[in-house]
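Chains as they are written, first to last, in the UniProt record's numbering: chain A, 1 to 335; chain B, 1 to 335.
All C-beta atoms, glycine included, are put in the ideal place defined by N, C-alpha and C.
Small disclaimer: the values here were computed from a predicted structure and weren't measured.
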DNA sequence: CTGTTAGCGCATTCAC
DNA sequence: GTGAATGCGCTAACAG
């Protein structure tokens, strides 16, 4: 006789009402006489009764928890989104199951599956590439899904993000205005549409609008790690780049340090512009000029969007895609 | 007729066996004839059956999910721990419900409650202060709890951490060996035992062993933010400090930048040693000397510890506290 | 090795 | 307003 979990039934007995009534007061159903409500509430308090969310989930088919698939919590870009998601989630009484995917398809599929098995009411997916298999699985489920801080190049799924093409164009234009004509484009895998289809497009737009030919030699494809950026300097130098647009902040810090550690002066010899304006941009010297994205808000809006879908509310204008405003902030890494 | 969720019963019927048998194959129970197992598996595959984890949880009283209470995912120190936790969790087939607390007692209590309502099998708590109320609540539950990357000064709860006293003593001793005798101690709130009882003790130990008197003026209490560190330089200068031990990396970067932006040379004019060796320490220039902690491992070990508790395994030697080894790495911020 | 029978704790009709 | 009765989908004895 150890863990005597107390149930709705115990409360009903003690309060001398039926479990239906207890259920009503617990769920805020108005059809309860104030007096009996009070009585029940007292018993609940006295017995320290806490409704079992699992049983509730089974009976109501709602778990009030949403799944969040994230490449890596350790990455500030994603954790910032996650923070926004969690805040709004708890505002709406949801909890989040957080699962790291390492942007690896197998893990993503695996996680998606267990999330669905756990009957989450919705899913927020962070990741820059929707593989065919993943697309198929998401298509198949009736559980609402929204992409946060990324987009679906097939425009099939709901998503929240900024306009990457325009943002990059603006950033690169600034570099061009400073007289640079050999500007490197440094991004994560080009297999990700966000890089190949959007950012690169913005980069090309800026160049062409200024009559500069795009030199494939200046396009650098790496992973998103700090280290990859750090070792890039020799390559940048060999192609004569005098500036760079970088698709990720950690990566950009790597580029910055790689250059400076090798004796280059930033921004005198080399200018750098990065993409996410995470805290990192202000921790380094010189501070990094950056496209600004409302990271926290992207997460928050994504979650808000998801609640609407879960409630089957009309999403205004039925827009699948929410584009949040971006900005551009000049700091020490550019002239 | 929309979402025709298929249940264990459908599988049983199609496979012409009882639901008990289906349950057995799903749960890997060996007591099933290979032939029927195969048959059932086929049907499961054909029907694309996915066991409902909620129903399972209700019936088995196990949810295979653990709650993780974290001050702020956005902080690299904590997200590093969280990553270790999640990896080990998924290794053991658990999922984690992640909840931000902002180190705020009300939120912690609130989150703890909903986590328990959701019937998590265990909880990992990150936070540097266990208030009385929180202690009471944790005492009351039978759900196992372990503290990750912090400790309980009352030594009541299980926890995983390094030896803060010794680590800080070593770091401060290094500073002393470089000839500093006015060394600032900069930490988060002294209301947190980790700061007031352990780190400060280590600091004092180092001083006294070297015959240096402890000057209260050199003890700075702040919050953990970058900004707080950044604005501290004037105060440090006014008390004549020539070096500082800092209790948090972001904070330390703030101190570093504040000093350098004001024209001070690090480490020539001022030396800095920080505490967590998170990625940040290598992103700044000069790189920060730091106490090293196996952040990921602390998270991983915490989760492993928790699985043992959840399985009621004998925890070797019945140790409540697991002390992981720390280290000290000299980098550019010290002579 | 396999089927039958009970619940797990609660939400939810449907009567009263 | 309130109670009685069902069932959510599955696990866990208990038989056989």
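Let me confirm a value: residue 311(B) is counted as buried when at least 16 other C-beta atoms fall within 10 Å, else exposed. Which label applies? Taking the second chain and counting its residues from 1, one reaches residue 311(B) at position 311. Residue 311(B) should be labelled exposed.
Between the CA atoms of residue 302(B) and residue 26(A) - distance to the nearest angstrom: Here residue 26(A) refers to the residue found at position 26 when the first chain is read from its first residue. Here residue 302(B) refers to the residue found at position 302 when the second chain is read from its first residue. When rounded, the distance between both Cα atoms is 35 Å.
May I ask you to report which of helix, strand or coil DSSP gives residue 147(A)? Translated into the one-based positions of the first chain, residue 147(A) becomes position 147. Strand.
Taking DSSP as the reference, what is the three-state secondary structure of residue 227(B)? For the purposes of this step, residue 227(B) is taken as residue 227 along the second chain, with counting starting at 1. Judged by DSSP in its simplified three-state form, residue 227(B) adopts helix.
Please report the Cβ distance between residue 134(B) and residue 183(B), rounded to the nearest whole angstrom; I am assuming they are in contact, meaning their Cβ atoms lie under 8 Å. Position 134 of the second chain, counted from the start, is the residue given in the question as residue 134(B). Position 183 of the second chain, counted from the start, is the residue given in the question as residue 183(B). Contact between residue 134(B) and residue 183(B) fails: their C-beta atoms lie close to 34 Å from each other, not under 8 Å.
Report the three-state DSSP secondary structure of residue 80(B) (helix, strand or coil). If you number the second chain from 1, residue 80(B) lands on position 80. When DSSP states are grouped into helix, strand and coil, residue 80(B) belongs to the helix group.
Does residue 220(B) come out as helix, strand or coil in the three-state DSSP assignment? Within the second chain, numbered from 1, the residue matching residue 220(B) stands at position 220. In this structure, residue 220(B) counts as strand in the three-state DSSP scheme.
Please give the ranges of any alpha helix (DSSP H) in the segment 110-158 of chain B, keeping only runs that are unbroken, at least 4 residues long and fully inside the region. Qualifying alpha helix (DSSP H) stretches, in chain order: 132-140.
Interface partners of residue 361(B) on chain A, CB under 9 Å: The first residue shown for chain B is 1 and the last is 335, placing residue 361(B) beyond what the model contains.
Reduced DSSP category for residue 299(B) - H, G, I as helix; E, B as strand; rest coil: Counting from one through the second chain, the residue named residue 299(B) turns up at place 299. For residue 299(B), the three-state secondary structure derived from DSSP is helix.
Between the segment 193-209 of chain A and the segment 159-172 of chain A, are three or more C-beta pairs nearer than 8 Å? Yes, the segment 193-209 of chain A touches the segment 159-172 of chain A.
Taking the straight line between their C-alpha atoms, what separation do you get for residue 78(A) and residue 87(B)? Position 78 of the first chain, counted from the start, is the residue given in the question as residue 78(A). Position 87 of the second chain, counted from the start, is the residue given in the question as residue 87(B). The straight-line gap from Cα to Cα measures roughly 17 Å.
Name the chain A residues whose beta carbon is nearer than 7 Å to that of residue 80(B)? Against the second chain, residue 80(B) aligns to sequence position 80. Identification of chain A residues near residue 80(B) by a Cβ-Cβ cut-off of 7 Å yields 74, ordered along the chain.
Keeping to the same chain, check which residues put their C-beta closer than 6 Å to that of residue 39(B); ignore five residues upstream and five downstream. Within the second chain, residue 39(B) is the residue found at index 39, counting from 1. Same-chain partners within the cutoff: 15.
Any residues in the segment 216-229 of chain A with a beta carbon nearer than 9 Å to a beta carbon of chain B? Which ones, in chain order? So the close ones are 226.
Should the segment 122-141 of chain A be regarded as contacting the segment 67-75 of chain A, the criterion being three or more beta carbon pairs within less than 8 Å? The segment 122-141 of chain A makes contact with the segment 67-75 of chain A; the number of CB pairs closer than 8 Å reaches 3 or more.
Run down chain A in chain order and give the residues with a C-beta less than 7 Å from the C-beta of residue 119(B). Taking the first residue of the second chain as 1, we reach residue 119(B) at position 119. Residues of chain A whose Cβ lies closer than 7 Å to the Cβ of residue 119(B) are, in chain order, 52, 53 and 54.
Mind pulling the chain B residues with CB within less than 7 Å of residue 57(A)? Looking up residue 57(A) in the first chain gives position 57. By Cβ distance, chain B contributes 54.
What distance in whole Å lies between the Cβ atoms of residue 321(A) and residue 273(A), which are believed to be in contact at a cut-off of 8 Å? Stepping through the first chain from its first residue, residue 273(A) is reached at position 273. Stepping through the first chain from its first residue, residue 321(A) is reached at position 321. Taking a contact as a CB-CB distance under 8 Å, the pair residue 273(A) and residue 321(A) does not count as one, their CB atoms being some 25 Å apart.
Residue environment, residue 85(B), which counts as buried when at least 16 other CB atoms sit within 10 Å: Within the second chain, residue 85(B) is the residue found at index 85, counting from 1. With 16 or more Cβ atoms within 10 Å of its Cβ, residue 85(B) is classed as buried.
How long is the line joining the alpha carbons of residue 209(B) and residue 251(B), rounded to whole angstroms? Looking up residue 209(B) in the second chain gives position 209. Looking up residue 251(B) in the second chain gives position 251. Their backbone Cα atoms lie some 27 Å apart in a straight line.
For residue 36(A), name the three-state secondary structure that DSSP assigns. Taking the first residue of the first chain as 1, we reach residue 36(A) at position 36. Under the three-state reduction of DSSP output, residue 36(A) falls in the helix class.
At the level of alpha carbons, what is the spacing between residue 118(A) and residue 54(B)? Within the first chain, numbered from 1, the residue matching residue 118(A) stands at position 118. Within the second chain, numbered from 1, the residue matching residue 54(B) stands at position 54. Looking at the backbone, the Cα of residue 118(A) and that of residue 54(B) are separated by about 6 Å.
Can you tell me whether residue 313(A) is helix, strand or coil according to DSSP? Position 313 of the first chain, counted from the first residue, corresponds to residue 313(A). Coil at residue 313(A), not helix or strand.
On the CB-based measure, 16 or more other CB atoms within 10 Å of its CB, does residue 174(A) come out buried or exposed? For the purposes of this step, residue 174(A) is taken as residue 174 along the first chain, with counting starting at 1. Classified as buried, residue 174(A) has 16 or more neighbouring CB atoms from the shown chains inside 10 Å of its CB.
Enumerate in chain order the residues of its own chain whose CB-to-CB distance from residue 97(A) is below 8 Å, with the five nearest sequence positions on each side excluded. Within the first chain, numbered from 1, the residue matching residue 97(A) stands at position 97. By the criterion of a C-beta distance shorter than 8 Å, residue 97(A) is surrounded in its chain by 65, 66, 67, 68, 115, 118 and 120, once the five residues flanking it on both sides are discounted.
Is any beta-carbon of chain A found at less than 8 Å from that of residue 339(B)? Nothing can be reported for residue 339(B), as the shown portion of chain B is limited to 1 through 335.
With a cut-off of 8 Å, do at least 3 Cβ pairs link the segment 281-294 of chain A to the segment 290-300 of chain B? These segments do not touch.
In whole angstroms, what is the alpha-carbon distance linking residue 59(A) and residue 32(A)? Your numbering for residue 59(A) matches position 59 in the first chain. Your numbering for residue 32(A) matches position 32 in the first chain. Our two residues, residue 59(A) and residue 32(A), have alpha carbons roughly 21 Å apart in a direct line.
Same chain only: Cβ atoms within 7 Å of residue 206(A), ignoring 5 sequence neighbours per side: Counting from one through the first chain, the residue named residue 206(A) turns up at place 206. Cβ neighbours of residue 206(A) beyond the five flanking positions: 169, 172, 173 and 176.
Since I believe residue 266(A) is in contact with residue 260(A) (beta carbons under 8 Å), could you give me their beta-carbon distance rounded to a whole number of angstroms? Locating residue 260(A) in the first chain gives position 260, where the first residue counts as 1. Locating residue 266(A) in the first chain gives position 266, where the first residue counts as 1. About 6 Å separates the beta carbon of residue 260(A) from that of residue 266(A), a gap short enough to meet the 8 Å contact definition.
Helix, strand or coil, according to DSSP, for residue 100(B) in the structure here? One-based indexing of the second chain puts residue 100(B) at position 100. In the three-state reduction of the DSSP assignment, residue 100(B) falls in the strand class, which pools E and B.
Considering only DSSP beta bridges, list what residue 185(A) is partnered with. For the purposes of this step, residue 185(A) is taken as residue 185 along the first chain, with counting starting at 1. Paired residues: 219(A) and 245(A).
Name the DSSP bridge partner or partners of residue 328(A)? Here residue 328(A) corresponds to residue number 328 of the first chain, with the count starting at 1. 291(A), per the DSSP bridge assignment.
Give me the subset of the segment 90-121 of chain A whose CB atoms are less than 9 Å from a CB atom of chain B, sorted by chain position. Within the segment 90-121 of chain A, the qualifying residues are 90, 93, 95, 96, 97, 98, 99, 100, 107, 110, 111, 113, 114, 115, 116, 117, 118 and 119.
Does the CB of residue 253(A) have a neighbour CB from chain B at under 8 Å? Here residue 253(A) corresponds to residue number 253 of the first chain, with the count starting at 1. By this cut-off, residue 253(A) is an interface position.
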